Amino acid sequence: MVTVVAKVENNLLVHELQLGEQLGECVHSKRRSDFALMLAMLTEDVRDHSQFALPVVEEQPRDISTEALRKEFHLPDEAPLALKNDTQIQEFNQAELVHDNQLASLHLENAINPKPLAFRDDKRHVPHQVMTNTTTHCQQKHRTGTGQVSRMAFNAKGWLDAVKTSMVKSAQVNVHSIA
88 MVTVVAKVEN NLLVHELQLG EQLGECVHSK RRSDFALMLA MLTEDVRDHS QFALPVVEEQ
148 PRDISTEALR KEFHLPDEAP LALKNDTQIQ EFNQAELVHD NQLASLHLEN AINPKPLAFR
208 DDKRHVPHQV MTNTTTHCQQ KHRTGTGQVS RMAFNAKGWL DAVKTSMVKS AQVNVHSIA
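Here it is, written out as structure tokens:
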């Protein structure tokens, strides 16, 4: 009995790939009854059809870094955040193009060779005007770069012993002065 069930399960038509080219031949030779019979013999559960049982292909993870995307889309280098040195200030001399109303040339040049977005990229920079309005102590701290006060060495146990000793001595002094 078990072998009969196994043979029947092996011979069940589940999806159209098991029929090979027979479905196509029935359509071309106009054998509608054979075509209808073969379709009726297929399973009615659409999840068992061959298009839902395609092999899974694992794709390699794509490199989506900024550099790879710029290379793929043929984009120019990213605009730097700040000037690297003072000689780059000459690159910002675009007044002549604006004066001659050549804004398209200006946009094109900036797209091909992007200009830095700011003159400096120093998070710790404080403008001179602000620095002159601070105390001399603050100016000295800024010049030396010591933002936080350094902690002094502290012996907590020694300090507590000294407090305890002074309390005992003061209690003895009070007792002797009363008597």
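Residue numbers (this note's numbering): 88 to 266. Cβ atoms here follow ideal geometry from the backbone N, Cα and C, with glycine treated the same way. Predicted model, so just to flag it, every value in this text is computed and none were measured.
Closest to residue i by C-alpha separation, out of the options, would be which residue?
{"i": "His102", "options": "Trp246, Glu196, Cys113 and Phe139", "result": "Phe139"}
{"i": "Asp209", "options": "Asn172, Gln147, Leu106 and Phe122", "result": "Asn172"}
{"i": "Leu104", "options": "Thr174, Leu141, Trp246 and Glu146", "result": "Leu141"}
{"i": "Val213", "options": "Ala198, Thr252, Arg230 and Met239", "result": "Arg230"}
{"i": "Ser137", "options": "Leu193, Leu106, His186 and Ala249", "result": "Leu106"}
{"i": "Thr153", "options": "Asp187, Glu146 and Leu162", "result": "Leu162"}
{"i": "Leu62", "options": "Phe206, Asn200 and Glu178", "result": "Lying outside 88 to 266, the shown extent of the chain, residue 62 is not represented and no answer is given."}
{"i": "Asn197", "options": "Asp164, Asp187 and Gln227", "result": "Asp164"}
{"i": "Ala123", "options": "Gln109, Val133, Asp135 and Arg134", "result": "Gln109"}
Drop a sphere of 10 angstroms on the beta-carbon of residue i, count the other beta-carbons inside from all chains shown, and report buried for 16 or more, exposed for fewer.
{"i": "Cys225", "result": "exposed"}
{"i": "Thr90", "result": "Unreliable positioning characterises Thr90 in this predicted model, as indicated by a pLDDT of 46, which lies under 50. A coordinate reading is not provided."}
{"i": "Met88", "result": "Summary for Met88: the model assigns pLDDT 44, below 50, so the residue's position carries little reliability, and this model does not support an answer."}
{"i": "Ala93", "result": "Below a pLDDT of 50, predicted positions are generally treated as unreliable, and Ala93, at 44, falls in that range; no measurement from the model is reported."}
Residue i lies in the alpha helix (DSSP H); which residues open and close that run?
{"i": "Gly111", "result": "Gln109 to His115"}
{"i": "Glu183", "result": "Ala182 to His186"}
{"i": "Leu126", "result": "Arg119 to Met128"}
{"i": "Arg207", "result": "That residue, Arg207, is in no alpha helix (DSSP H); it is neither H nor E in DSSP."}
{"i": "Glu165", "result": "Careful: Glu165 lies outside any alpha helix (DSSP H) and carries neither H nor E."}
{"i": "Val217", "result": "His215 to Thr219"}
{"i": "Asn197", "result": "Leu190 to Ile199"}
{"i": "Ala155", "result": "Thr153 to Glu159"}
{"i": "Arg230", "result": "Thr223 to Thr231"}
Could you check how far apart the C-beta atoms of residue i and residue j are, in whole angstroms? I think they sit under 8 angstroms.
{"i": "Leu190", "j": "Leu168", "result": "24 angstroms between Cβ atoms; not a contact."}
{"i": "Gln181", "j": "Leu193", "result": "6 angstroms"}
{"i": "Leu129", "j": "Leu100", "result": "5 angstroms"}
{"i": "Pro201", "j": "Ala166", "result": "4 angstroms"}
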